[in-house]
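S.K.: These protein sequence lines are chains A and B, in that order. Sequential numbering from 846 applies to the first sequence in the working numbering. Sequential numbering from 846 applies to the second sequence in the working numbering. Quick one: the structure is below, questions incoming.
Number of protein chains: 2
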Amino acid sequence: MNYRKLLRDMFDAAVAAASPAVCVPRHLPPPPKGRTLVVGAGKAAAAMAAAVEGNWSGPLEGLVVTRYGHTAPCRRIEVVEAAHPVPDAAGREAARRIVEKLGGLAPEDLVLCLISGGGSSLLALPAPGISLEDKQAINRALLRSGAHIGEMNCVRKHLSAIKGGRLAVAAAPAAVVSLMISDVPGDDPSIIASGPTVPDTTTTDDAISVLRKYRIEVPGSVLKHLQAAAAETPKPGDRRFHGVTNRVIATPQDALEAAARAARAAGFQPLILGNAIEGEARDVGLVHAGIAQQVARYGQPVAPPCALISGGEATVTVRGDGRGGRNTEFLLSLGIALDGQSATAAIAADTDGIDGSEDNAGALLLPDTLDRAARAGLNPKARLADNDAYAVFAQLGDLVMTGPTLTNVNDFRAILIDARP
Amino acid sequence: MNYRKLLRDMFDAAVAAASPAVCVPRHLPPPPKGRTLVVGAGKAAAAMAAAVEGNWSGPLEGLVVTRYGHTAPCRRIEVVEAAHPVPDAAGREAARRIVEKLGGLAPEDLVLCLISGGGSSLLALPAPGISLEDKQAINRALLRSGAHIGEMNCVRKHLSAIKGGRLAVAAAPAAVVSLMISDVPGDDPSIIASGPTVPDTTTTDDAISVLRKYRIEVPGSVLKHLQAAAAETPKPGDRRFHGVTNRVIATPQDALEAAARAARAAGFQPLILGNAIEGEARDVGLVHAGIAQQVARYGQPVAPPCALISGGEATVTVRGDGRGGRNTEFLLSLGIALDGQSATAAIAADTDGIDGSEDNAGALLLPDTLDRAARAGLNPKARLADNDAYAVFAQLGDLVMTGPTLTNVNDFRAILIDARP
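See the structure below:
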C-alpha cells in the first residue's frame, strides 16, 4: 500500500474542495445593470478575485487585500499584499481605500465581497477616533480576561469601521453579494472575518458591559466613542441590508468530506472526528494516537482499514529553540505515542500551505518514520521537547511542500490504519 | 432526561466491572494440596485479598501491600499500607518480607499473586547491592532521556529484586497464579506493575546499551551489578515459569464496555474512542469538545443521542495555585470549549476514586454548569488558568465523591449528546 500517495491525495482533495477556482464560479450572481465593484480580504482574496475575473462577463473593478506571498494574477482587480496576523500600514491603507470606494454607489451597482481566513487582521480599520494601539491593547486585555469569544467579538465589532456589518452599510444602496470561505468553528458568517457584511445582534451597551464585567481599563476616548450613537453597529432588519446576500461557499467540513471520499475510494472507511478540533498540538497528537490504537486493538470507534480525519487549528506553546509549526508537532507527538504501531500512517498539513511561519504545509508520518529517525541519529522526543519537529521531517525528506494554496479552511489531519495482515 | 443519574450509573458500571469482588472469584484456581500463600501489591490489593478470602475453601495465609487508605478488611491475609507513587520504608519492608515468605515453598504449594495499578511503586525493592537512591536517580535520568517506555522498563527490571519475573522465580517450585487488574495501555502482563511474575525478554546487555545510548551516568556499583550474571532477569522458557499462570482479570476496556452497555440501555448509542487516551487534561478536554461539537452539528462520528466514552490517564502540568486533578481540569476545559452546547453533559472521574491527590473521584458537567458558575460569580477560564477546577465543581455541588473504590482501571470519561429537540 502506498500510504504516502493516498495521504497526499486526500490532502489535495481537501484543498481542492476549498479552492476559489472550484467554489467561487458556481456562486457568482448575474452581472448587474450598473457597475461591479469587487472588494475583499483574506488569504484566498487574490485567488477568489482571479476566479471572479475568469468567470465574469461584464465590466469589473475593485481592490482586495491578501497576505504577503498569497497573491494571484489579476488584470482588472487590484491586489494589495499586507501583513498577517499582526496588521500593518499596507493593510490599513487598503482597508481605508476599500471603504472610500464603497461610497457613492447606486442601487443598480453590485459589490462582490470576497472574504476568507485572515480577513479580520488584513482588513483592520479602527473606528474614527480610536487608535490602532488602543484597539490592540483592549484586544490583549480581552484575551486575558476570561471573556467568551462572543463577548470579545462584541467589543471588537464596536471599535471597528468595517466589522459587524459596517462594510455592507457603506456599500448601500448597492446590492452586496458576499462570498465567504470559512475558517471558523461553526461557519457563522457573523464570525468569519468578524462579519463585515452581516448585521450585528450585539449593542454598544453590551460592549460596555463586557468591558465592565471583566474590569478592562479603557482610555476615556474609547469610552466616549462607545457612548456615542455612531458607534452602534447596524442591526438585523436594518433596511441597508435589504440588498445583501451572504453565502458561505467553502468550509472546513467540505474539505474533510472531500478527503473522506478519497479515502473511501481507496478502500479505507473514513471517520470524521471533527472539523474544529483545537488544543496544544502535541496533546491533540496524543489523543489521536489513543484513538488510532483503539482502532488497531479493538476495531473501535471504527474497524480498519480506516481513515481517521480531523480539522481545526491546533496551537503550539513555544518553549524550545527549534523550528516547527503545529502540524509537524502534532505528527511527531503522534508518531512517538504510536511507538511503531504497524500499518499506520498519517498526514498533518495546513490547507493554506503554510504550517505556522515555516515554508512547509505539513508533513507525513509513515510506518517506518521512527526507525528511520533512529538510524539517522535523531532523538524524536528530544526534538519535540525543543519544538524542533520540522528538523526531523526535513531530514527524513517527509515534509509536505505546496507553497501558498491560496485558500484556507484550517488544518487537515488524517491517519490511515490498515487491516492487520 | 436525568443526565446526572445516567452519567453516574455509567461510571458506577465501569467501576463495578473492574471490582475485585466481581472479577477475582471467577478466576480463582482450585485449592492446592499444600499451602496457599497470597502475596500482591496495588491499589486493589486489599480488596483482591478480601475477595480471595471470601471465596476460598482451604487454608490461606499471606501479605499484600496497598496504598494508604485503600485497605479492606481481611482476617487471614495481612494487609500493609504504604506510600504511592513515591515508595516509602513501609513498602520496602513489606516487599522484603514477601520475597522472604516465597523462599522454601514446595511443589504442592500455591502462590496467589494479586497485582493491580500502583503495584510497581508499592513493591519497589532494589536488587542486592543497588541503593534506592541510585535506582531513583537512574529513573529520573531515563525519563528525561527520550528513551522509549520499553527501554526504560528494560533498565528498571534489571535493577529490581522483584520485577521482570523475579517474584515468580522466588516462588519456584510452587505453582503461581497471578491475577492482574490492568491500568496500562495494551494490558501487557509484563508491563503491569513491571511484570513480577512474567518472564523478561530483555537482557542485562540491553539495559547497558540503553544506558549508553542515552548517555546516562551510573555509579560504578550499578554497572558492576549489571555486568554480573545474577543481574540477568529470568527468560521465557525458563523452567521456573513452568507452574506460572498469568491472568489479566480486568482491564480499562472492560470498564468502558460496561459503561457502554449502560448508555445503550438508556437509549444513547455508545462510541468508545479509546481506553488509553493520554495528554494534558485541558487539551484532552478540547479534543473531546471538538468531537462532541461535530456530533451535534453533523452527526459525525456518530449521530445523537449518543455517548462518547474514553479512558486512560491524562496529565496536569501545574502552573497555578489552585486545587484540582486531571478529571476536573478535563471537564472544566470541555465545558468552556462547548460554550453552552445544548443537551450535552459529561462525567470524568478516576475509577480508583481519587482524582490525583484530591478527595473526589471526579465531577459532572451539566448543560447549565457554565450558567450556574456565572451566577455564582465564578470565572471558569480564570479558574482553569489557575489549576483551580476543583473549586468550580465543589461550589456548584457537582463533585463525584466515592472514596477509594479499591480498584484501578484509570480514568473514565463520558459525554452524552442528546438528540436536538
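C-beta atoms are modelled at their ideal positions from N, C-alpha and C, and glycine is treated no differently.
In angstroms with no decimal places, state the Cα-to-Cα distance between K1008 (chain B) and F1086 (chain B).
M.R.: Start at 1 with the first residue of the second sequence, and residue 1008 (chain B) comes out as number 163. Start at 1 with the first residue of the second sequence, and residue 1086 (chain B) comes out as number 241. Those two C-alpha atoms are separated by around 14 Å.
S.K.: Under a Cβ-count criterion, where at least 16 other Cβ atoms within 10 Å of its own Cβ denotes burial, should R941 (chain A) be classed as buried or exposed?
M.R.: To locate residue 941 (chain A), count along the first sequence from 1; it is residue 96. So R941 (chain A) counts as exposed.
S.K.: Apply the 10 Å Cβ neighbour rule to S1270 (chain A) and answer buried if 16 or more other Cβ atoms are within range, or exposed otherwise.
M.R.: For chain A, the structure presents residues 846 to 1266; residue 1270 (chain A) sits outside this window and is missing.
S.K.: Please list the residues of the segment 1013-1038 of chain B that have a C-beta atom closer than 8 Å to any C-beta atom in chain A, keeping them in chain order.
M.R.: Cβ contacts with chain A come from P1030 and G1031.
S.K.: My output table needs one value for C1151 (chain A): the three-state DSSP class, helix, strand or coil.
M.R.: For the purposes of this step, residue 1151 (chain A) is taken as residue 306 along the first sequence, with counting starting at 1. The answer is strand: DSSP assigns C1151 (chain A) an E or B state.
S.K.: Whose CA, out of B:L1229, B:P877, B:A1105 and B:A986, lies closest to the CA of G1165 (chain B)?
M.R.: Position 320 of the second sequence holds residue 1165 (chain B). Among B:L1229, B:P877, B:A1105 and B:A986, the Cα nearest to that of G1165 (chain B) is on B:L1229.
S.K.: The alpha helix (DSSP H) with V883 (chain A) in it runs from where to where?
M.R.: Position 38 of the first sequence, counted from the start, is the residue given in the question as residue 883 (chain A). Taken as a continuous stretch (DSSP letters only), V883 (chain A) belongs to no alpha helix (DSSP H), being part of the beta strand (DSSP E) at T881 to A886.
S.K.: Look at M893 (chain A) and P865 (chain A) and say whether their C-beta atoms are less than 9 Å apart.
M.R.: Translated into positions along the first sequence, residue 893 (chain A) becomes position 48. Translated into positions along the first sequence, residue 865 (chain A) becomes position 20. Going by C-beta atoms, M893 (chain A) is nearer than 9 Å to P865 (chain A).
S.K.: Are the C-beta atoms of I1262 (chain A) and some chain B residue less than 9 Å apart?
M.R.: The residue you call residue 1262 (chain A) lines up with position 417 of the first sequence. No - not a single Cβ of chain B is within 9 Å of the one on I1262 (chain A).
S.K.: Output, in chain order, the set of chain B residues within a Cβ distance shorter than 9 Å of E1123 (chain A).
M.R.: Mapped onto the first sequence, residue 1123 (chain A) falls at position 278. Those within 9 Å of E1123 (chain A) in chain B are D1128, L1131, V1132, A1134, G1135 and A1182.
S.K.: Rank A:P1079, A:E898, A:A1020 and A:G948 by C-alpha distance to the C-alpha of T1049 (chain A) and give the top, closest one.
M.R.: Position 204 of the first sequence, counted from the first residue, corresponds to residue 1049 (chain A). Comparing Cα-Cα distances from T1049 (chain A) to each of A:P1079, A:E898, A:A1020 and A:G948, the minimum goes to A:P1079.
S.K.: Whether or not the segment 882-890 of chain A and the segment 1243-1255 of chain A are in contact is what I'm after, with contact meaning three or more pairs of Cβ atoms, one per stretch, closer than 8 Å; do they touch?
M.R.: Cβ pair count under 8 Å is three or more, so yes.
S.K.: What did DSSP end up calling D1231 (chain A) once you bin it into helix, strand or coil?
M.R.: Stepping through the first sequence from its first residue, residue 1231 (chain A) is reached at position 386. It is coil, neither helix nor strand.
S.K.: Beta carbon of S1178 (chain B), beta carbon of L1118 (chain B): below 9 Å?
M.R.: Within the second sequence, numbered from 1, the residue matching residue 1178 (chain B) stands at position 333. Within the second sequence, numbered from 1, the residue matching residue 1118 (chain B) stands at position 273. Against a cut-off of 9 Å, the Cβ pair of L1118 (chain B) and S1178 (chain B) comes out as no contact.
S.K.: Take the Cβ of K850 (chain B) as the centre, count every other Cβ of all protein chains shown within 10 Å, and call the residue buried at 16 or more, exposed below.
M.R.: Residue mapping note: residue 850 (chain B) aligns to position 5 of the second sequence, counting from 1. So K850 (chain B) ends up on the exposed side.
S.K.: Out of curiosity, what's the CA-to-CA distance linking A992 (chain B) and R1168 (chain B)?
M.R.: Taking the first residue of the second sequence as 1, we reach residue 992 (chain B) at position 147. Taking the first residue of the second sequence as 1, we reach residue 1168 (chain B) at position 323. The alpha-carbon atoms of A992 (chain B) and R1168 (chain B) are separated by roughly 32 Å.
S.K.: For chain A, check one thing: does any of its Cβ atoms lie closer than 9 Å to the Cβ of V1147 (chain B)?
M.R.: Your numbering for residue 1147 (chain B) matches position 302 in the second sequence. So yes, V1147 (chain B) belongs to the interface.
S.K.: How is D1216 (chain B) classed by DSSP in three states: helix, strand or coil?
M.R.: Along the second sequence, one-based indexing puts residue 1216 (chain B) at 371. Three-state DSSP puts D1216 (chain B) in a helix.
S.K.: Identify the contact partners of A934 (chain A) in chain B, using a Cβ-Cβ distance below 9 Å as the criterion.
M.R.: To locate residue 934 (chain A), count along the first sequence from 1; it is residue 89. What A934 (chain A) touches in chain B: nothing, since even the nearest Cβ is about 34 Å away.
S.K.: Are the beta-carbon atoms belonging to I1136 (chain B) and V1093 (chain B) less than 9 Å from one another?
M.R.: Counting from 1 along the second sequence, the entry for residue 1136 (chain B) is found at position 291. Counting from 1 along the second sequence, the entry for residue 1093 (chain B) is found at position 248. Their beta carbons are not under 9 Å apart, which means I1136 (chain B) does not touch V1093 (chain B) by this criterion.
S.K.: Which residues bound the beta strand (DSSP E) around Q1139 (chain B)?
M.R.: In the second sequence, residue 1139 (chain B) corresponds to position 294, counting from 1. Premise fails: Q1139 (chain B) lies in the alpha helix (DSSP H), A1126 to Y1143, not in any beta strand (DSSP E).
S.K.: Have a look at the DSSP bridge pairing and note the partners of C958 (chain B).
M.R.: Residue 958 (chain B) sits at position 113 when you count from the first residue of the second sequence. B:V884 and B:S1023.
S.K.: What residues in its chain sit with their C-beta under 7 Å from that of T1042 (chain B), if we drop five residues either side in the sequence?
M.R.: As a first step, residue 1042 (chain B) must be located in the second sequence, where it is residue number 197. C958, G1010, L1012, A1013, V1021, S1023, V1089 and N1091, listed in sequence order.
S.K.: For G1124 (chain B) versus D1128 (chain A), is the C-beta distance shorter than 9 Å?
M.R.: One-based indexing of the second sequence puts residue 1124 (chain B) at position 279. One-based indexing of the first sequence puts residue 1128 (chain A) at position 283. Yes, they are a contact pair.
S.K.: If you draw a straight line from the C-alpha of L955 (chain A) to the C-alpha of P876 (chain A), how long is it?
M.R.: For the purposes of this step, residue 955 (chain A) is identified with residue 110 of the first sequence, where counting begins at 1. For the purposes of this step, residue 876 (chain A) is identified with residue 31 of the first sequence, where counting begins at 1. Distance between the alpha carbons of L955 (chain A) and P876 (chain A) is about 8 Å.
S.K.: Of all the CB atoms in chain A, is at least one closer than 9 Å to the CB of Y1143 (chain B)?
M.R.: The residue labelled residue 1143 (chain B) in the question sits at position 298 within the second sequence. Yes, contact with chain A.
S.K.: Might you give, ordered along the chain, the residues of its own chain that have their beta carbon closer than 7 Å to the beta carbon of A939 (chain A), omitting 5 neighbours on each side?
M.R.: To locate residue 939 (chain A), count along the first sequence from 1; it is residue 94. If we look at A939 (chain A) and ignore the five residues flanking it on each side, its Cβ neighbours are L908, V910, V925 and A927.
S.K.: Evaluate E953 (chain B) with the Cβ neighbour count: other Cβ atoms within 10 Å of its Cβ, from every protein chain shown; 16 or more gives buried, anything less gives exposed.
M.R.: For the purposes of this step, residue 953 (chain B) is identified with residue 108 of the second sequence, where counting begins at 1. Classification for E953 (chain B): exposed.
S.K.: Listed in chain order, which residues of the segment 987-999 of chain B have Cβ atoms closer than 7 Å to some Cβ of chain A?
M.R.: Answer in chain order: G991 and H993.
S.K.: In three-state DSSP terms, what is A1248 (chain B)?
M.R.: Numbered from 1 along the second sequence, position 403 holds the residue referred to as residue 1248 (chain B). A quick correction: the sequence has Gly, not Ala, at residue 1248 (chain B). If DSSP states are grouped into helix, strand and coil, G1248 (chain B) belongs with coil.
S.K.: Could you say if the segment 1105-1113 of chain B and the segment 854-865 of chain B meet the contact criterion of at least three C-beta pairs nearer than 8 Å?
M.R.: Touching, yes, given that three or more Cβ pairs across the two stretches are closer than 8 Å.
S.K.: Is the separation between the beta-carbon of I943 (chain A) and that of V884 (chain A) shorter than 9 Å?
M.R.: Counting from 1 along the first sequence, the entry for residue 943 (chain A) is found at position 98. Counting from 1 along the first sequence, the entry for residue 884 (chain A) is found at position 39. Their beta carbons are under 9 Å apart, which means I943 (chain A) touches V884 (chain A) by this criterion.
S.K.: To the nearest angstrom, report how far apart K946 (chain B) and V1245 (chain B) are at their CA atoms.
M.R.: Position 101 of the second sequence, counted from the start, is the residue given in the question as residue 946 (chain B). Position 400 of the second sequence, counted from the start, is the residue given in the question as residue 1245 (chain B). Each residue's Cα considered, the two are about 40 Å apart.
S.K.: Quick check on D1032 (chain A): does DSSP put it in helix, strand or coil?
M.R.: Taking the first residue of the first sequence as position 1, residue 1032 (chain A) is located at position 187. Correct three-state label for D1032 (chain A): coil.
S.K.: Please say whether V1161 (chain B) and A1148 (chain B) have beta carbons closer to each other than 9 Å?
M.R.: If you number the second sequence from 1, residue 1148 (chain B) lands on position 303. If you number the second sequence from 1, residue 1161 (chain B) lands on position 316. Not a contact, by the Cβ cut-off of 9 Å.
S.K.: Going by C-alpha to C-alpha distance, which of B:A1193, B:A1073, B:D1204 and B:A1126 sits closest to I1260 (chain B)?
M.R.: By 1-based counting over the second sequence, the position of residue 1260 (chain B) is 415. The option with the nearest alpha carbon to I1260 (chain B) is B:A1193.
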